[in-house]
Each structure stands twice: as structure tokens, then as C-alpha cells.
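Peer 1: I'd like to ask you about the structure that follows.
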Amino acid sequence: MRYILDVKLGWREEEMKLLRASSPSSSPSSSYFKRAIANANADAHDAYNNDSSAIRVLLNDWPYAIDEKIVHLVVWTKFALEDDPETGETREDVKRDIETWVEMRFGERCGRDNVIWFRNWKSLKSIHAVEHFHVMLYDPDPEFVKEVTRAKGERERDLSIQGSRLD
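Take 12 as the starting number for the sequence shown in our numbering and just add one per residue.
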């Protein structure tokens, strides 16, 4: 977890705790996604990593055996993505918020049919301490991928992945 927080995300654990504590108890994710959606047209960075203190999009480092035209992203959030206490699955209202956010961030540029998202349930998560879900893009423009994975104020960096078509 330290590596993800400190190196990949540049987040402090204290910030996450403070953000979660200050969130409305009914649905913290709903508040943050709705604010991110409302501000989506602010600038190029905010169109993808809106409120960089709460949401960050990165390339997935885990090696999945998938079609080379698919780019696998991870959307990390400092806020909770609430589960239904009875089923253990992501709550329906949270799914709708994620769906709306994903459509605005990726569907408009990549086409709805070229975007899919999923969130692993607890038993499949490799990292439990930081909330996240996955987005897969089919054959996206490599420049778009660089754009959505760059943090606000961050210079463009080499995003190539060994064996990836982004090389």
C-alpha cells in the first residue's frame, strides 16, 4: 500500500482519512463523482482527473493476458465506494455514478462500445486500502491515454509499457 500511495499516487494516508471523515455519511462517492461531473469542462486535466486530490487515473501495472489493443486503466479514489451491506456488491447508486463519470471521461472520446468498467469485490482485490475500479479501453488514441493518466501540473512522461502498443 505504501508504494501505491507514496510513489504511484503521491497521496498521504492522513489526507484519505480526512476526506472520508468529512464526506456525507450517506454516499461519499456520490458527492465526489457529482462534483467531478459538474466541473468536467474546466480544463483538459479536470476533464479526466477532476479534483486531483480525490481521483487519479493510472495505467494498470498488473500483467493481464488481454488483447494488445486493450488499455487497462485503474481509477483510484480517496473516497469510499460503498458496498451494499447485505450483498457485498457495489451499491446501485454508486454504480450509476461511476457509469456516468466513466461515460463522460472515456466514452465521449473512445466511443461507448469501446469502454467498459468493473470493480472487483473484496475477495478479488489485490489492494484493499485504496478504493479503485478498473476501466478498459479498446484501441484508444495513445495521446488520449497519456492525457488521462497525467496528473495536474505533471510534465508528460514516457508511459510505454513493455509489450504494449503504447511503446
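By construction, the Cβ of each residue, glycine as well, lies at the ideal position given by its N, Cα and C atoms.
Are the CB atoms of N71 and V86 within a distance shorter than 8 Å?
Peer 2: Looking up residue 86 in the sequence shown gives position 75. Looking up residue 71 in the sequence shown gives position 60. No, these two residues do not count as a Cβ contact at 8 Å.
Peer 1: Could you say which of D152, I77, E142, E154 lies nearest to D94 if we only look at CA atoms?
Peer 2: Taking the first residue of the sequence shown as position 1, residue 94 is located at position 83. For the residues D152, I77, E142, E154, the minimum Cα distance to D94 belongs to E142.
Peer 1: How should A65 be labelled, buried or exposed, when 16 other C-beta atoms within 10 angstroms of its C-beta is the threshold for buried?
Peer 2: Looking up residue 65 in the sequence shown gives position 54. By the neighbour-count rule (16 or more Cβ atoms within 10 Å), A65 is buried.
Peer 1: Just to confirm my understanding: we take V126, look at its own chain, exclude 5 residues before and 5 after, and list those with CB closer than 7 Å. What are they?
Peer 2: Translated into positions along the sequence shown, residue 126 becomes position 115. Only V113, F117, G118, V146, L148 meet the Cβ criterion.
Peer 1: Thinking just about the alpha-carbon of each residue, which of T101, K89, P151, I109 is nearest to the one in D124?
Peer 2: The residue labelled residue 124 in the question sits at position 113 within the sequence shown. Taking only the C-alpha atoms, the option nearest D124 is P151.
Peer 1: Can you look up Y149 in the DSSP assignment and give me helix, strand or coil?
Peer 2: Residue 149 sits at position 138 when you count from the first residue of the sequence shown. Strand at Y149.
Peer 1: Bridge partners of T88, per DSSP?
Peer 2: Taking the sequence shown and counting its residues from 1, one reaches residue 88 at position 77. I66, E142, per the DSSP bridge assignment.
Peer 1: Hey, quick one: how far does the beta strand (DSSP E) through I109 stretch, first residue to last?
Peer 2: The residue given as residue 109 occupies position 98 in the sequence shown. Run containing I109: none in the beta strand (DSSP E); it sits in the alpha helix (DSSP H), 103-113.
Peer 1: Going by DSSP, what residue range makes up the beta strand (DSSP E) through W128?
Peer 2: Within the sequence shown, the letter at position 117 stands for residue 128. Segment 126-129, the beta strand (DSSP E) holding W128.
Peer 1: Could you have a look at Y59 and say whether DSSP puts it in helix, strand or coil?
Peer 2: Taking the sequence shown and counting its residues from 1, the one referred to as residue 59 is at position 48. For Y59, the pLDDT reaches just 44, beneath the cut-off of 50, and the residue's location in the model is therefore unreliable, leaving the point undetermined.
Peer 1: Would you kindly work out how many angstroms separate the C-alpha atoms of Y14 and L29, rounded to a whole number?
Peer 2: Here the question's residue 14 lines up with position 3 in the sequence shown. Here the question's residue 29 lines up with position 18 in the sequence shown. About 20 Å.
Peer 1: Using the three-state DSSP reduction, which class does D17 fall into: helix, strand or coil?
Peer 2: As a first step, residue 17 must be located in the sequence shown, where it is residue number 6. In the structure shown, D17 sits in a helix (DSSP, three-state: H, G or I).
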